[in-house]
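Colleague: To convert a position in the sequence shown, counted from 1, into our numbering, add 46. I am attaching a structure below and will ask some questions about it afterwards.
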Amino acid sequence: MDSKVSSGSAWRAVARDVSPRSKFEFDSMEDALGAFKAGEFLVVMDDEDRENEGDLIIAGSLCTTEKMAWMIKHTSGYICVALPQERLEELDIPMMVPQNEERHRTAYTITVDYKYGTSTGISAHDRALTVRSLASPSATSADFTRPGHMVPLRSRDGGTLTRKGHTESATDLCILSDLPAAGVLCELVNDDETGSMARRDDCRLFADRWGLKMISVEMLAEWRRRETQEKQ
C-alpha cells in the first residue's frame with residue numbers, strides 16, 4: 047500500500063474570546079453528530095466519579111496533519127486510536143499485555159506506525175497518516191511496523207452500551223456518523239504550568255473558545271439505547 051491516503055484540504059482552528067458560562071450545559075447529540083461527521087473535533091466528558099476528564103475525539107479517516115498537530119498541542123499528547131476487535135485482528139495488532147491491570151481496563155494494544163510516507167513516526171504528519179491508514183479498509187497488516195508511535199485501543203463490542211468509556215465513545219461516534227470505526231482520542235489538559243487535567247468546566251470553556259460541540263459519554267450511551275430500541 048502506498049502513502050496516498052488523502053489528508054483532505056488544509057484546516058485551521060481559530061480561537062475566540064469567551065467568558066465562562068453562568069450555567070453549564072452540554073450541546074445536543076444532533077449538533078454533535080453533525081459536527082463530527084463534518085470532520086470536526088468533539089469534546090467528550092465522562093462521569094465525574096470516573097475519570098472526570100474530557101477527551102478530544104475526531105474521526106481517524108478525517109484526521110489531517112493540521113488537526114493532529116492542533117490535537118497534540120492541546121492534549122497530553124498521548125494520542126490513541128480506538129478500533130473494534132475485529133479490525134485489530136485483521137491488522138494483526140495484539141494486546142499490549144495478557145493481563146490488564148489498568149484502573150479502568152483501557153485495552154491498550156502494541157503500538158504501530160504506517161510504513162509508507164513516514165519518517166520517525168512521531169510527527170503530526172506521520173501520526174495523522176498512520177491513523178488514516180488504520181481507518182482505511184484497504185490497509186493490511188503488512189502496511190504497519192510494530193512497535194510505533196500510534197496507540198491503538200480495543201473498543202468493546204456493543205460500544206458505550208457495554209462500557210461507558212472514551213474508547214467506546216470514539217468508535218460509536220464514527221459508526222453513528224457512517225464513517226470507518228477508527229476514532230482518534232486524547233485527554234484535554236489545561237494551559238498552565240503543570241499541565242493539569244481539564245475538568246468539566248475547563249472543558250466547556252475550551253469547547254466554547256474553539257467553537258467545538260461538547261457532549262458526555264452518558265449522552266452517547268443513551269442515544270445508542272434509544273436507537274437500538276427504535277430498531278427492534
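Glycine is no exception: its CB is placed at the ideal position from the N, C-alpha and C atoms.
Within its chain, find whatever has a CB closer than 7 Å to the CB of residue 139; leave out the 5 residues flanking it on each side and keep chain order.
Modeller: Within the same chain, 155, 156, 158 and 198 come within 7 Å of residue 139 by CB-CB distance, once the 5 residues on both sides are set aside.
Colleague: Tell me the residue span of the beta strand (DSSP E) that contains residue 259.
Modeller: Per DSSP, residue 259 belongs to the beta strand (DSSP E) from 259 to 262.
Colleague: What separation, rounded to the nearest whole angstrom, lies between the Cα atoms of residue 266 and residue 182?
Modeller: 25 Å
Colleague: Taking Cβ positions, are residue 229 and residue 128 nearer each other than 8 Å?
Modeller: Against a cut-off of 8 Å, the Cβ pair of residue 128 and residue 229 comes out as a contact.
Colleague: What are the complete alpha helix (DSSP H) segments, minimum 4 residues, inside the region 76 to 148?
Modeller: 111 to 120 and 131 to 136
Colleague: Around the C-beta of residue 51, are 16 or more other C-beta atoms found within 10 angstroms, so that it is buried, or is it exposed?
Modeller: In this prediction, residue 51 has a pLDDT of 48, which is less than 50 and means its spatial position is unreliable; what the coordinates show is noted afterwards. When all chains shown are included, residue 51 counts as buried.
Colleague: Based on the DSSP secondary-structure assignment, which residues constitute the bridge partners of residue 159?
Modeller: 191
Colleague: Closer than 6 Å by C-beta to residue 227: which residues in its own chain qualify, once you throw out the five before and the five after it? Chain order, please.
Modeller: Within the same chain, residue 227 has close Cβ partners 130, 217, 220 and 221.
Colleague: Quick check: what's the CA-CA separation for residue 115 versus residue 169?
Modeller: Near 8 Å, if we compare the C-alpha coordinates of residue 169 and residue 115.
Colleague: How big is the Cα-Cα spacing for residue 189 and residue 257?
Modeller: 36 Å
Colleague: Tell me the residue span of the alpha helix (DSSP H) that contains residue 214.
Modeller: 212 to 222
Colleague: Let me check understanding here. Comparing Cα to Cα, which of 201, 224 and 242 lies closest to residue 132?
Modeller: 201
Colleague: Just verifying my parser: in three-state terms, what is the DSSP assignment at residue 233?
Modeller: The answer is strand: DSSP assigns residue 233 an E or B state.
Colleague: On a Cα-Cα basis, can you pick out the residue from 91, 194 and 58 that is closest to residue 70?
Modeller: 91
Colleague: Which residues does DSSP list as the beta-bridge partners of residue 197?
Modeller: 126
Colleague: Between residue 247 and residue 153, what straight-line distance do the alpha-carbon atoms span, to the nearest angstrom?
Modeller: 28 Å
Colleague: Please check the pair residue 250 and residue 67, which I expect to be a contact at CB under 8 Å, by giving their CB distance rounded to whole angstroms.
Modeller: 6 Å
Colleague: So, residue 123 versus residue 108, is the Cβ gap smaller than 8 Å?
Modeller: no
Colleague: With distances taken from CA atoms, which of 167, 105 and 99 is nearest residue 252?
Modeller: 99
Colleague: Let me know if residue 113 comes out buried or exposed under the rule of 16 or more other beta-carbons within 10 Å of its beta-carbon.
Modeller: Sixteen is the threshold: when 16 or more other Cβ atoms of the shown chains lie within 10 Å of the Cβ of residue 113, as they do, the residue is buried.
Colleague: Closer than 7 Å to a non-hydrogen atom of the ligand HEM - does that hold for the CB of residue 231?
Modeller: The ligand HEM is absent from the structure shown, which contains no ligand whatsoever.
Colleague: In angstroms with no decimal places, state the Cα-to-Cα distance between residue 196 and residue 223.
Modeller: 23 Å
Colleague: Thinking residue 191 and residue 175 are a contact (beta carbons under 8 Å), I'd like their distance in whole angstroms, please.
Modeller: Going by Cβ atoms, the distance from residue 191 to residue 175 rounds to 13 Å, so no, they are not a contact pair.
Colleague: Taking 8 Å as the threshold (C-beta atoms), are residue 261 and residue 101 in contact?
Modeller: no
Colleague: Would you decide whether residue 143 is buried or exposed? Buried here means 16 or more other CB atoms lie within 10 Å of its CB.
Modeller: exposed
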